[in-house]
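First to last, the sequence lines map onto chains A and B.
So the first sequence is numbered by the UniProt record's numbering: it starts at 1 and just counts up by one.
So the second sequence is numbered by the UniProt record's numbering: it starts at 1 and just counts up by one.
Below: one structure, written as structure tokens.
Number of protein chains: 2
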Amino acid sequence: MIEARHLRVLRAVAATGSFSAAARELGCTQPAVSQQMKALEQSTGTPLLIRTGREMRLTQAGDALVRHAAGILAGLTAAEEEVAAIAGLRAGRVRLVSFPSGSSTLVPAALAALRAAHPGTRVSLVEAEPPRSVEMLREGDCDVALAFRYEGRRDASQKKGGGGRREGEGATADDWDDLVVRPLLADRLVGLIPENHRLSGDDAVSIAEFADESWIAGCPRCRRQLVDVCESAGFVPRIDFATDDYPAVIGLVGAGLGVAVLPELALESVRPKGARTVTVEPAVHREIVALTLPDLARVPTVAATLDQLAAAADRLSAAAAH
Amino acid sequence: MIEARHLRVLRAVAATGSFSAAARELGCTQPAVSQQMKALEQSTGTPLLIRTGREMRLTQAGDALVRHAAGILAGLTAAEEEVAAIAGLRAGRVRLVSFPSGSSTLVPAALAALRAAHPGTRVSLVEAEPPRSVEMLREGDCDVALAFRYEGRRDASQKKGGGGRREGEGATADDWDDLVVRPLLADRLVGLIPENHRLSGDDAVSIAEFADESWIAGCPRCRRQLVDVCESAGFVPRIDFATDDYPAVIGLVGAGLGVAVLPELALESVRPKGARTVTVEPAVHREIVALTLPDLARVPTVAATLDQLAAAADRLSAAAAH
DNA sequence: CTCAAGCATAAGTGAGGCTTGGAGCCCGGG
DNA sequence: CCCGGGCTCCAAGCCTCACTTATGCTTGAG
């Protein structure tokens, strides 16, 4: 087995014509060079150098080895440089998956900052709702997943014993114990009602006030959360419309077809027309997090993406504070 | 510094998808694989593998490394194979230099046998007389030199003290102490005289009988030897012609222009016309040897060439015995 | 002849790799 | 529900290997 280190020394010897000069060039002592050449000759089983008094000449085998060494060492340094570029954030692609309202607010800000901080890095973005996005993460189809969870459901999975398993499908898709969970921001749920609604003058409204309203619900998880909260308030919401598309929800409310409860973030990039927001009691929050695999969290591009997501989230919540 | 050994292991891990399987493939234990991958990740400074419960996946950096590994390892094995081919006599060129009468007899037989024994090896042949051929050997312009020396001149160089230095030029060109000297055969000097010469009836003639003859001499070294021998016999030869070309010498003798003393080997491949050989007294021999550098003697192609030269010389002298 | 330079060798030291043995984890079968 | 098999990581011990310093030898130049 020829070692690359030996080839490097051999090349230096061939270039300088002497062991001592090669040693100086390589930054080691002359016996080290002498020993390495001896080892290389032993491993190849044939003399590579002929020591003739004055000069050091190559045998044919040595010449062949030096000839190959160029390509091999070039390949090695190319590999090192490419890996270093990825590790040094001068290259590399991170595959991000996000849910819709995240990809329209947090993600653009984060990716713009990432590109500014590390030109050369590339991000591919795919949209998927949390159960599916976590699945993609686990299957290696993405590197970072933006997801959210509603408060009180943090410990949706207690090891194995308890209740768990709300949907037969997900199995452990909602179990994030084995993932790196990076909290980004706490998103508040707000009520959205038509401007001409009877309660549109109030700033804060108990959710029980909406017991008899027609509801427009969002994605499955949000709908489930809505039903839970309403049940706690003592009624079952009458859901007339359900859509993943938040702009559509806002449009429906603006058209006076019902009321909705939706995350503040979903309103960030949309200007509701014909609708206004009200604070609902009890206050409900969802936590937006970035997820990744433990090993991936140590990959520089992934770590940088997480950092930029967190920074964007900070900026976002700071802006909302005003 | 990325080591080729690590790349080999990484490639096995990527191919098999597990450390244990890679270890089995590589013939080592699993912790060895685990440690090597850890070392590789540390030397590159970035994670290369992500261990996700079931399967082992590559990070982008790991993928880049595996991609480069193919070329690097291919280059390494190509280098190993080329060197092995040279070492195993399946390839390689040996540069041979010989004096004329050697290259017409010994050399063809030896090279034919070499090619038969080791197809793939190539030999390049250049003609040069001994002082120059030894110089070429020392300067790296050839690998094996066929040369000859006259008896009594074996120790032409006693370390440094004595007389030495016959020609100011050669300096150490006649000093073979630092060379590998492989004796091939002892070549006897024979007299060559015209068929109508007064002594052509004799089988053995004292050289003193030729004191008044016209002489035709060969190469400078042979001429010098001739002069020495004649001086010992008490006369100075009258040299009317001198040429390196033995066939020309033979032709001149055949034409009755004089007598000559020349090595038997020079007559091996020439049928003298109009001349016949006689044994001269005192008997003079020259020793034909193959020379090479000590380091070169360990090169397989060179060693094989020396062996075939020796074998050819044995066949030649065995044939001459009849 | 003396001096400088270069290579080879020997001995000592240190790092690093490999192995064995054990623990934790996940999966599938009884 | 438990349990065996397979996988990985961790720790400890051993051993090999590479580098260093120090020394001797040879060669070429002044």
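Built from N, CA and C at the ideal position, the CB exists for glycine as well.
Work out the CA separation of residue j and residue i for me, nearest whole Å.
| i | j | result |
| --- | --- | --- |
| HIS285 (chain B) | GLN60 (chain A) | 36 Å |
| VAL66 (chain A) | MET56 (chain A) | 14 Å |
| ASP143 (chain A) | GLU82 (chain A) | 19 Å |
| GLU195 (chain A) | GLY254 (chain A) | 7 Å |
| residue 323 (chain B) | ALA12 (chain B) | This structure cannot speak to residue 323 (chain B), because chain B is shown only from 1 to 322. |
| LEU262 (chain A) | ASP295 (chain A) | 34 Å |
| ALA233 (chain A) | TYR150 (chain A) | 17 Å |
| LEU306 (chain A) | ARG182 (chain A) | 8 Å |
| LEU226 (chain A) | ILE216 (chain A) | 10 Å |
| ILE86 (chain B) | LEU137 (chain B) | 20 Å |
| CYS230 (chain A) | LEU106 (chain A) | 29 Å |
| ASP141 (chain A) | ALA32 (chain A) | 48 Å |
| ALA147 (chain A) | THR16 (chain A) | 60 Å |
| HIS118 (chain A) | ALA64 (chain B) | 19 Å |
| ALA109 (chain B) | THR46 (chain A) | 26 Å |
| THR44 (chain B) | SER18 (chain B) | 21 Å |
| ALA252 (chain A) | TRP176 (chain A) | Note that residue 252 (chain A) corresponds to Leu in the displayed sequence, not to Ala. If I take the Cα positions, the gap works out to 34 Å. |
| ALA318 (chain A) | ALA4 (chain A) | 54 Å |
| ALA78 (chain B) | PRO300 (chain B) | 19 Å |
| GLY162 (chain A) | LEU111 (chain A) | Confidence at GLY162 (chain A) is low in this model, with a pLDDT of 35, below 50, so its placement is unreliable and the value that follows should be read with caution. Each residue's Cα considered, the two are about 39 Å apart. |
| GLU139 (chain A) | ARG298 (chain A) | 18 Å |
| ALA320 (chain B) | GLU287 (chain B) | 16 Å |
| SER20 (chain B) | LEU73 (chain A) | 30 Å |
| ALA283 (chain A) | GLU209 (chain A) | 14 Å |
| ALA304 (chain B) | ASP244 (chain B) | 30 Å |
| residue 390 (chain A) | ASP314 (chain A) | Outside the modelled stretch of chain A, which goes from 1 to 322, sits residue 390 (chain A), for which no answer is possible. |
| GLY168 (chain A) | THR52 (chain B) | With a pLDDT of 32 at GLY168 (chain A), under the threshold of 50, the modelled position of that residue is not reliable, and the figure given next carries that caveat. So the two alpha carbons sit approximately 23 Å from each other. |
| LEU316 (chain B) | ARG221 (chain B) | 24 Å |
| SER133 (chain B) | GLN42 (chain A) | 31 Å |
Skipping 5 residues on each side, what residues in its chain have a beta carbon closer than 7 Å to that of residue i?
| i | result |
| --- | --- |
| ILE250 (chain A) | LEU192, VAL270, PRO272 and ALA275 |
| ALA310 (chain A) | ARG182 and LEU184 |
| ASP202 (chain B) | VAL278 |
| LYS159 (chain A) | Confidence at LYS159 (chain A) is low in this model, with a pLDDT of 35, below 50, so the placement of that residue is unreliable and no value is reported for it. |
| ASP155 (chain B) | Confidence in ASP155 (chain B) is poor, its pLDDT being 39 and thus under 50, which makes the residue's placement too unreliable to answer from. |
Please state whether the Cβ-Cβ distance between residue i and residue j is less than 7 Å.
| i | j | result |
| --- | --- | --- |
| GLY75 (chain B) | HIS6 (chain A) | no |
| LEU48 (chain A) | GLY62 (chain A) | yes |
| THR277 (chain A) | ALA204 (chain A) | no |
| LEU291 (chain B) | LEU125 (chain B) | no |
| THR29 (chain A) | ALA22 (chain A) | no |
| GLN308 (chain B) | LEU114 (chain B) | yes |
| SER101 (chain A) | GLU127 (chain A) | no |
| TYR246 (chain A) | ALA260 (chain A) | no |
| CYS219 (chain A) | GLU129 (chain A) | yes |
| GLN36 (chain B) | VAL9 (chain B) | yes |
| ARG238 (chain A) | SER214 (chain A) | yes |
| LEU293 (chain B) | ILE2 (chain A) | no |
| LEU58 (chain B) | ALA14 (chain B) | yes |
| ASP240 (chain B) | GLY258 (chain B) | yes |
Once you ignore the five residues that flank residue i on each side, which residues in its own chain have a CB closer than 8 Å to its CB?
| i | result |
| --- | --- |
| ALA39 (chain A) | HIS6 |
| ARG223 (chain B) | ALA217, ILE239 and ALA242 |
| GLU80 (chain B) | none |
| VAL302 (chain A) | VAL94, ASP143, VAL144, THR292 and LEU296 |
Could you pull out every residue in the same chain whose Cβ sits closer than 6 Å to the Cβ of residue i, ignoring the five residues on either side in sequence?
| i | result |
| --- | --- |
| PHE235 (chain B) | ALA211 |
| ILE207 (chain A) | ALA233 and VAL280 |
| GLU264 (chain A) | ASP187, ARG188 and VAL190 |
| GLU268 (chain B) | THR105 |
| LEU26 (chain B) | ALA12 |
| VAL123 (chain A) | VAL94, LEU96 and LEU111 |
Identify every run of the beta strand (DSSP E) within the region 84–146 of chain B, keeping only runs that are complete inside it and at least 3 residues long; order them along the chain. 93–98 and 122–127
Check whether the region 77–97 of chain B and the region 81–94 of chain A touch, using three or more Cβ-Cβ pairs below 8 Å as the test. no
Kindly provide the ranges of any alpha helix (DSSP H) runs that are 4 or more residues long and lie completely inside the region 259–286 of chain A, ordered along the chain. 264–268
Would you mind listing the beta strand (DSSP E) stretches within the region 203–245 of chain B that are 3+ residues and don't spill past its ends, in chain order? 204–206, 214–217 and 238–242
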